[in-house]
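Right, one structure below, let's go through it.
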Amino acid sequence: MTDESQQLESITQKEYKAGFVTDIEADSLPPGLSEDVVREISRIKGEPEFMLEWRLKAYRHWLTMETPEWAHVHYPAINYQDISYYSAPKKKDDAPKSLDEVDPELLKTYEKLGVPLDERARLAGVAVDAVFDSVSVASTFQDKLAEEGIIFMPISQAVHEHPELVEQYIGSVVPYKDNYYAALNSAVFSDGSFVYIPKGVRCPMELSTYFRINAANTGQFERTLIIADDDAYVSYLEGCTAPMRDENQLHAAVVELVANDRAEIKYSTVQNWYPGDENGKGGIYNFVTKRAACRGESSKVSWTQVETGSAITWKYPSVVLQGDNSVGEFYSVAVTNNMQQADTGTKMIHLGKNTSSTIISKGISAGRSQNAYRGLVRVTPKAENARNYTECDSLLMGDKCGAHTFPYIEVKNPTAQVEHEASTSKISEDQLFYCKQRGLDTEDAVSMIVNGFCKEVIRELPMEFAVEAQNLLGLSLEGSVG
Amino acid sequence: MLEIKNLHASVGGKEILRGINMTVNPGEVHAIMGPNGAGKSTLSNVLAGRDGYEVTQGEIIYKGENLMELEPEERAQRGVFLAFQYPVEIPGVSNIYLLKAALNAVRKYNGQDEVDAIDFLNLVRERMKLVKMDEQFLHRNVNEGFSGGEKKRNEILQMAVLEPALAILDETDSGLDIDALRTVAEGVNALRAEDRSIVMITHYQRLLDHIVPDFVHVLSEGKIVKSGDKELAKELEKSGYSWVHDAPEGQTA
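Respectively, the protein sequence lines represent chains A and B.
The opening residue of the first sequence carries number 1337 in our numbering; numbering runs sequentially from there.
The opening residue of the second sequence carries number 39 in our numbering; numbering runs sequentially from there.
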């Protein structure tokens, strides 16, 4: 091995900073999954009948399904009876009414993670929903948003306060039959965020959810539902971390987005679940179904994701372009290191006329990791004048990792224009030497080169998130110009 | 400034430099000329500390320090600058970002604060005039899609911003038309200073018409076979490298 690749190796092995455990009393269900567990979760949440019925249908369907095995990832079979499906910080009485009633240990946890929930301390312009293990522990700015008619609350609360909206939309984008993990999630989901932006309203601040898995042997199954009604706009951010534990933990979330006429949803994720140690011990299995429906004409949904964590990532944020002139975008940076595995990408389903989609995927592999892009572009027979542009770039660091690209293109309408570009490169010794000869140390040089590689994606992120993402990528962009 | 003593270096086990001796004082401009394969680029890479160039004998003393013990970035921070023969493209990284990162790395070594954004922009704008570069270059990705001339001018711009004590120009004239050559040479001439030494490595005499050196050395088969003043270069132009090659070793013009 050359010096350069040794240096690359050492700097790509950084510590996981969010790996602490919060010592907090929790109410958990014992491990195991059965119809009774599903009923118990629904009972704890005091859910209306329709919700329980839906969960049970999902559970019964899940029993008939098999684990998907087509992804380019390898792991021992998961025993679903070893997982606890519900864990919540113990509360004195009822749910906290305000931040003052939230356990100070919890507030400290989020501060440590750089997510202060104190509304005054929070940078103006971001409302936060914090989900700790299975429940939402704090939602900020709810009242202020309510003035605009915007609903931003834990989905468990929305089930009570806006059952008609939940019943109308839940499962309408990702049906419980969709796939194995979506069915499991539908049966046992415990919390997540719910957002409704009424007609003509531009959400005045970024909405964000911060997910934290704390308890051991617990799965996190959150469900997020965002609806932007006609002419509405919302930008939503999602961040995730978990403590370092030797066991693998399952995270099987479902995110559904609905954009009506001329509505726009921008959904950004910085995913930093614990990736396991350098030998592949521990880490989160991140098996997530994210899908958006551009229902209305000229609607637009944009997914931006920076995926750095998780032992295994299996996730394809997709857009179903139903409305004429609707637009779908997917910008992704997926970083894998050590023994991490990622199989991620998107699906763009063109149904309406004059629909267009853009896919920019940047995969960075280091250590002994495996990083796959898997993407589907489908143009259906009625989708006149559909456009797609796909760019998939892979960057390899070192010589023990792998990058794979699996593009699927199905075009059933002759007016379609579909472009696909792919590249694979290495950080060259020439580039490193050039930067070092200008005085940059190896770490800064790699940061700079990686940052350059991801630039098209990072610039899609809201400002504050971009900073977090750059730090995560090991980039120091202090004092960046131009 | 720079003292090279009996320098032997090999690449991939093959000895390329076979005992180079050379002294460069502050303010001097030295030209190193020689035919292809003489070891010119090896010398510049060894001075800059590139991986894969192994020094087997001898020493390089820069400002009283043993240069060979320093990493490439440490040499750069101490004022050793190499203008590359083939400048490297860095996709997605703007020119101005690299310039600023490089300047701050040098400033950090010198115990200075990071450069102020406005001061930096003013400095860069002023230095760009030296090489007649347009401001839009700052926002283009480093060397990406640059013409040969633009790349070389960009190297000189970096030199102008970093203000090194020792600049090594590796075949800075190669691939340049006469106008671009003149621009680059004017830039370098403007950067000549009492406290700055320049080592120019070139195959051709024509660069030396524009940047007139104080000393000329002829490198052949890994050794300096002849040293002299600028007249030596003209002699070479007239008679070709075979002339020095045939001359007895150690004889000076």
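Here a beta-carbon is modelled for each residue, glycine too, at the ideal position from N, C-alpha and C.
Report task. To the nearest angstrom, report how far apart B:GLU275 and B:TYR242 are at their CA atoms. Result -> B:GLU275 and B:TYR242: Cα-Cα distance of roughly 8 Å.
Report task. Please look up how many angstroms separate the CB atoms of A:ALA1518 and A:VAL1590, rounded, as I've assumed it's under 8 Å. Result -> Right, their Cβ atoms sit about 5 Å apart.
Query - Same chain, Cβ closer than 7 Å to A:MET1387, neighbours up to 5 away in sequence not counted - result: So the qualifying residues of the chain are SER1378 and VAL1495.
Query - 8 Å Cβ cut-off: residues of chain B touching A:TYR1770 - result: Per Cβ cutoff of 8 Å: PHE122, PRO125, VAL126 and ILE128.
Requested in this report: Write down the C-beta distance between A:GLN1607 and A:GLY1645 rounded to the nearest angstrom, noting that I regard them as a contact closer than 8 Å.
Outcome: With a Cβ gap of about 5 Å, A:GLN1607 and A:GLY1645 count as contacting.
Requested in this report: Answer with buried or exposed for A:ARG1886, where buried requires no fewer than 16 other C-beta atoms within 10 angstroms of its C-beta.
Outcome: Here chain A covers residues 1337 to 1818 and nothing more, so residue 1886 of chain A does not appear.
**Report entry** Within 7 Å, strictly: CB atoms of A:LYS1698 and A:VAL1655
**Finding:** Against a cut-off of 7 Å, the Cβ pair of A:VAL1655 and A:LYS1698 comes out as no contact.
Query - Presumed contact (8 Å Cβ cut-off) between A:SER1705 and A:THR1672, rounded CB distance - result: By a beta-carbon distance limit of 8 Å, A:SER1705 contacts A:THR1672. Their separation comes to about 3 Å.
Requested in this report: Starting from the beta carbon of A:MET1784, find every residue of chain B whose beta carbon is closer than 8 Å, and list them in chain order.
Outcome: By Cβ distance, chain B contributes ILE128, VAL131, TYR135, LEU136 and ALA139.
Query raised in the report: Do A:LEU1520 and the ligand MG come close, with the Cβ less than 6 Å from some heavy atom?
Result: The ligand MG is absent from the structure shown, which contains no ligand whatsoever.
Query raised in the report: Going by beta carbon distance, what residues of the same chain come within less than 6 Å of B:ALA228, once the five residues before and after it are set aside?
Result: Within the same chain, B:ALA228 has close Cβ partners LEU168.
Query raised in the report: To which residues of the same chain is B:LYS170 closer than 7 Å at the C-beta, ignoring the five residues directly before and after it?
Result: Closer than 7 Å at the Cβ level, and outside the excluded window around B:LYS170, lie THR221.
Query - Contact set between A:LYS1762 and chain B, taken where Cβ atoms lie within less than 9 Å - result: None at all; the shortest Cβ gap to chain B is about 13 Å.
Query raised in the report: Do you know offhand how far A:ASN1690's Cα is from A:ALA1599's?
Result: About 16 Å.
Query raised in the report: Going by beta carbon distance, what residues of the same chain come within less than 7 Å of B:LEU195, once the five residues before and after it are set aside?
Result: Cβ within range, chain order: ARG165, MET166, VAL169 and MET171.
Report task. Report, in whole angstroms, the separation of the C-beta atoms of A:PHE1488 and A:VAL1524, which I expect to be a contact under 8 Å. Result -> No, A:PHE1488 and A:VAL1524 are not in contact; Cβ-Cβ is about 24 Å, not under 8 Å.
Report task. Kindly indicate if chain A contains any beta-carbon less than 7 Å away from that of B:GLU111. Result -> By this cut-off, B:GLU111 is an interface position.
Query raised in the report: Does any CB atom of chain A fall closer than 7 Å to the CB of B:ARG88?
Result: In terms of beta-carbon proximity, B:ARG88 lines the interface with chain A, with at least one pair separated by less than 7 Å.
Query raised in the report: What do you reckon, are the CB atoms on B:HIS177 and B:GLY96 nearer than 7 Å?
Result: Cβ atoms of B:HIS177 and B:GLY96: not closer than 7 Å.
Query raised in the report: Are the C-beta of A:LEU1776 and some C-beta of chain B separated by less than 7 Å?
Result: Chain B places a beta carbon closer than 7 Å to that of A:LEU1776, counting this residue as a contact.
Query raised in the report: When we look at the beta-carbon of B:ASP157 and count the other beta-carbons within 10 Å, is it buried (16 or more) or exposed?
Result: By the Cβ neighbour-count rule, B:ASP157 is exposed, with fewer than 16 other Cβ atoms within 10 Å of its own.
Query raised in the report: Per DSSP, A:TYR1517 is paired with what?
Result: Note: A:TYR1517 sits in no beta bridge, so no partner.
Query raised in the report: Helix, strand or coil: how does DSSP classify A:ARG1379 here?
Result: Correct three-state label for A:ARG1379: helix.
Query raised in the report: With DSSP run on the structure shown, which of helix, strand or coil describes A:GLY1612?
Result: Here A:GLY1612 sits in coil by DSSP.
**Report entry** B:ILE249, enclosing beta strand (DSSP E) - first and last residue
**Finding:** Secondary structure note for B:ILE249: it is in no beta strand (DSSP E), with a DSSP letter that is neither H nor E.
Report task. Could you check what DSSP says for A:LYS1626 in three-state terms: helix, strand or coil? Result -> Strand, per DSSP.
Query raised in the report: Under the three-state reduction of DSSP, which class applies to A:CYS1737: helix, strand or coil?
Result: Correct three-state label for A:CYS1737: coil.
Report task. Could you name the residues that DSSP lists as bridge partners for A:HIS1496? Result -> None, per the DSSP bridge assignment.
Query raised in the report: Between A:TYR1603 and the rest of its own chain, which residues show a CB-CB distance below 6 Å, the 5 nearest in sequence each way excluded?
Result: Cβ-Cβ distances below 6 Å link A:TYR1603 to TYR1572 and TRP1639 in the same chain, with the five nearest sequence neighbours on each side left out; the list follows chain order.
**Report entry** Closer than 7 Å at the beta carbon, the chain B residues around A:LYS1791
**Finding:** Per Cβ cutoff of 7 Å: GLY130.
Query raised in the report: For B:ASP172, which of helix, strand or coil comes out of DSSP?
Result: DSSP places B:ASP172 outside both helix and strand once states are collapsed to three, so it counts as coil.
Query raised in the report: Does the Cβ of A:ALA1784 have 16 or more other Cβ atoms within 10 Å, making it buried, or fewer, making it exposed?
Result: Note that residue 1784 of chain A is Met in the sequence shown, not Ala. The residue in question, A:MET1784, is buried, as its Cβ has 16 or more Cβ neighbours within 10 Å.
Query - Own chain residues within Cβ distance below 7 Å of B:ILE54, not counting five before or after - result: These residues qualify, in order along the chain: ALA47, SER48, GLY77, THR80 and GLY260.
Query - Cβ neighbour criterion (16 or more within 10 Å) applied to A:ALA1759 - result: The sequence as given places Ser at residue 1759 of chain A; Ala does not occur at that position. When all chains shown are included, A:SER1759 counts as exposed.
Requested in this report: Mind checking which residues open and close the beta strand (DSSP E) that includes A:THR1694?
Outcome: Bounds of the beta strand (DSSP E) holding A:THR1694 are 1692 to 1701.
Requested in this report: Tell me, please, whether the CB atom of B:ALA271 is closer than 7 Å to any CB atom in chain A?
Outcome: Not one chain A Cβ lies under 7 Å of B:ALA271.
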